[in-house]
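Presented below is the structure to which this report refers.
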Amino acid sequence: MDKRSETTTNISFDENISSSSLHTGEKESQRTSTHGLYTAEELSTIIREAYVPRISVICSRDADEFAINKGFPQGFWELLYPFGDRVRGKVRRRDMQDAMLTLDKTSLQFVPVDSLESHLSDVPVVSIRDILTAQNPKLVLPEAPSNYTLGVHYKNVERWAWTLAHEENREMSIGMYIRQLLTGMPVSSFETFSHPVAHLVVVTSHNPTPFESLREIINSLPQISLPAFVSHDIIYFFVYVHDEDQHDIELSMAIFDTMLQTFGERGYFLRLHSQKATLDYEHTIPFPCSSWLSAEERLQMLNGLEKAQQLLFQSDAESLKRLVSHIAFNGVIPHLDRCIRIWDDQYASPRRGFTGRLFFASKKLISAQNNSHNSNFFASSNVYRPDSIEAYLRKLADYSFMLRDYVHANQIYEIASKQYANDDAYLYSAAASEMIVITEHILHLDRPYMSLTNKLRLNECMQLAMANYLNKPFNSYYHAARCFLLLGQYLSSFPNPRVDDAANWNTGLLFSKRLGPVGRAIVFQQTYELYRQTGRINSDSLDSREMKRDRKTAFWCVMAADAWLRCHISFRARPFIDQAKDFYTHVAWQDLNECVAKLGEVDMTPKSQDK
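Each residue of the sequence shown is one higher than the one before, counting from 1 in the UniProt record's numbering.
Listed below in structure tokens is the structure:
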């Protein structure tokens, strides 16, 4: 791996990290707190790993064929896919408060460019692949080798949970469900985590005209058919892949040096074997599996439809790890840092302090008199122009969040939220309010006891987010479910959890009908476990409030049993039925005892979910 450019970033790499580190996210999804939930720190880690820079990958024909011949049928993107889960190394940078911040255990999400173009499109679009093929039939493959799709298909998430719930050795935890929901974050107008921050162009030493191919692809990048609300002002990087088995390294290095002189210091040199790795070769390892597989991919694995095991040479794995590290620390992070400082000066600074409040009050008064002529918001389509100040404010806050400058991100979300509320941009306002709550909780990880004023303010943000997600002309099924789940878990994840608040919040989620039957059962089960564990901690207390909490524990136990019975999964319902019977046998309420007793008589014949 060679990178011929200067950087002011201080980088250190941990060479002892093995490929098994890519599976840490999967292992972490099994850890729960003392309340049967994730701790606030673990929940924040999941969010940090989900909200990461997204890079679209576009490959020349020779690059995709190179990967296909190595045994990766989805093209060169498939080689990069799992290595973005946990980027090796760390970097130190100054945040917007001029304090030193260490970024480690960072992540990148690589997606094929075709998945961005097909997203949210009900009709066929003229794709970048069509445009390049028309210019030069040999430039790229005419058909996308990958079937990867962006965004969550909620029925697939529920089918995945349904299949998993029928396996007796599987524990159905709320954290696992949340993690799977976050893998399907769709491209939306009102948050930019899912927008690409960079394009990555890949060509190989097998290309007879690498300069012309690279130039044609780079010049065509503005023609990518992105949704109208996504800005086309996206930086690009390129990778030149040298074939270790067939080509001369000196010639490839000379070509790469010329590329750097021609296209700028945005290039990366990657050395890979073109030979397909098999068990007959030494120094091969299993190709790592991403810990952020989509619900569709996990369904295939659960149904026994996964592809044959893929192998990779150890040297290739090391080269890919170094490549991803250099892309992250020499390319993406410095780019995001520059954008943050420029946009903060241009768009956020004028809105801070007394001058900013005066400016906002004046604009609010003027816009109230003639809203249609003083707003960048298009109410008919519920979007801001991608080059508007309001769109840049959201992007600025999201970039700060991805670089873990949570203080600055929180400030910008606050500024943007006021503007969105003034413009009646309900989904933008909901998304900003959701992130205000999340950033506040992350900032309070080291000091989990908030002031009453701050708690009330965050409660208002939570209520505002849900009202805007659910009850306005435009609503979002996915984002409402995500917001309910994430914010509800924060209420119950601190050392002294707000149990009743969390239960009330979960009740709102259940009755909003944003979850399928298994999702509902998991939430009922989790709320019961929260009450049970909290009651156990206070078991020595004779306070009447604790007795009331015992009754609530029993109530949620019955609700969990009923939810699993409705799913026709008897072995998951049985423990809750038995525990409910144990509690209510001591209660002199005949009708209630009969009701609980009848739970065990319900027909629990397994039921398929084909419909």
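Glycine included, every Cβ here is placed at the ideal spot set by N, Cα and C.
Using the C-alpha atoms, what's the distance from residue 216 back to residue 136? Going by the C-alpha atoms only, they are around 9 Å apart.
Keeping to the same chain, check which residues put their C-beta closer than 6 Å to that of residue 62; ignore five residues upstream and five downstream.
Closer than 6 Å at Cβ, skipping near neighbours: 204, 206, 207.
Considering only C-alpha positions, which residue in the set 288, 105, 508, 561 is nearest to residue 314? Out of 288, 105, 508, 561, 288 has the C-alpha closest to the C-alpha of residue 314.
Residues near residue 436 by beta carbon distance below 7 Å, same chain, minus five either side: Only 410, 413, 414, 417, 461 meet the Cβ criterion.
Exercise for the section: Give the straight-line distance between the Cα atoms of residue 259 and residue 406, rounded to the nearest whole angstrom. Expected result: When rounded, the separation of the alpha-carbon atoms in residue 259 and residue 406 is 38 Å.
### Range covered by the beta strand (DSSP E) that runs through residue 86
No beta strand (DSSP E) holds residue 86; DSSP gives it neither H nor E.
### Task
Ignoring anything shorter than 4 residues or poking outside the segment 373–446, list the alpha helix (DSSP H) runs there in chain order.
Listed in chain order, they are 389–402, 406–422, 426–443.
ask   = Alpha carbon to alpha carbon, how far is residue 171 from residue 276?
value = Their Cα atoms are separated by approximately 37 Å.
Looking at the unbroken beta strand (DSSP E) that takes in residue 199, where does it start and where does it end? Here the beta strand (DSSP E) through residue 199 covers 196–204.
With distance defined between alpha-carbon atoms, name the residue in 380, 184, 159 nearest to residue 424. The residue with the shortest Cα to Cα distance from residue 424 is 380.
* Under 8 Å, do residue 438 and residue 399 count as touching if we go by C-beta distance? -> The answer is no: Cβ separation not under 8 Å.
CA-to-CA distance, residue 165 to residue 520, given in whole angstroms:
A straight-line Cα-Cα distance of about 12 Å links residue 520 and residue 165.
Notebook entry, point to check: Hey, how far is the Cα of residue 592 from the Cα of residue 507?
Noted result: Taking C-alpha positions only, residue 592 is separated from residue 507 by approximately 22 Å.
Quiz item: In or out: residue 67 buried (at least 16 other Cβ within 10 Å) or exposed?
Solution: Buried: at least 16 other Cβ atoms inside 10 Å.
For residue 109 versus residue 84, is the C-beta spacing smaller than 8 Å?
Yes, they are a contact pair.
* **Nearest residue (CA-CA) to residue 188, options 476, 484, 499** => Among 476, 484, 499, the Cα nearest to that of residue 188 belongs to 476.
Any beta strand (DSSP E) of 3 or more consecutive residues that is wholly inside the segment 258–306 | Counting only runs that start and end inside the segment 258–306, the beta strand (DSSP E) elements of at least 3 residues fall at 267–272, 284–286.
Exercise. Could you tell me whether the segment 234–248 touches the segment 265–285, using the rule of 3 or more Cβ pairs below 8 Å?
Key: With the cut-off at 8 Å, the segment 234–248 and the segment 265–285 touch.
Coil, strand or helix - residue 34 by DSSP: For residue 34, the predicted model reports a pLDDT of 40, less than 50, meaning its position is unreliable; a value from the coordinates is still stated below. Reduced to three states, the DSSP call for residue 34 is coil.
Note to self: Which of the three DSSP states is assigned to residue 585 in this structure?
What the structure shows: Residue 585 falls in the coil class under three-state DSSP.
For the alpha helix (DSSP H) holding residue 240, just list the boundary residues, first then last.
From DSSP, residue 240 is part of no alpha helix (DSSP H) but of the beta strand (DSSP E) over 235–243.
Q | DSSP state of residue 146 mapped onto helix, strand, coil | A | Three-state DSSP puts residue 146 in coil, outside helix and strand.
### Outcome for residue 655 when other beta-carbon atoms lying within 10 angstroms are tallied against a minimum of 16
The chain is shown from 1 up to 611; residue 655 falls before or after that span and cannot be answered.
ask   = Measuring CB to CB, does residue 43 end up less than 8 Å from residue 159?
value = Result no, Cβ atoms of residue 43 and residue 159 do not sit closer than 8 Å.
| request: Could you work out which residue in 575, 577, 106 is closest to residue 326 when comparing CA atoms only? | output: With distances taken between Cα atoms, residue 326 lies closest to 106.
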